[in-house]
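Residue 8 in the numbering used here sits at position 8 of the sequence shown, with consecutive numbering throughout. A virtual CB, placed ideally from N, CA and C, is assigned to each residue, including glycine. First comes the structure, then the notes that go with it.
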Amino acid sequence: MAYIRKAFLKCDRCGCVQEVPTQGWLDLGEDRHPCPSCTGPYLSKKREMGRGLKRLSGVGTAEADI
């Protein structure tokens, strides 16, 4: 007899459920896992907040998208 172990992740934002492997899913810790379609807005907001913190701390940087 074969023993099969499966795991499923549920997106906290949209409710999408997917069987692992978890390619494209982001682990935020504390059992929070946004799916690939919800990860984009989260990462852009995270980058925006990071730039704001650098600006407020006085660290001067220049960023360019190529």
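Original post:
Who are the Cβ neighbours of C14 in its own chain at under 6 angstroms, not counting the five residues just before and after it?
Top reply: Taking the first residue of the sequence shown as 1, we reach residue 14 at position 14. Closer than 6 angstroms at the Cβ level, and outside the excluded window around C14, lie C38.
**OP:** Indicate whether at least one CB of chain C lies closer than 8 angstroms to the CB of S37.
**Re:** Of the chains in the structure shown, none is chain C; there is only one protein chain.
Subject >> Classification of P41 by the beta-carbon crowding that lies within 10 angstroms, buried from 16 upward >> reply: For the purposes of this step, residue 41 is identified with residue 41 of the sequence shown, where counting begins at 1. Flag for P41 reads exposed.
**OP:** Output the distance between the C-alpha atoms of P34 and S57, rounded to the nearest integer angstrom.
**Re:** In the sequence shown, the residue the question calls residue 34 occupies position 34. In the sequence shown, the residue the question calls residue 57 occupies position 57. Answer to the nearest angstrom: the Cα atoms are 30 angstroms apart.
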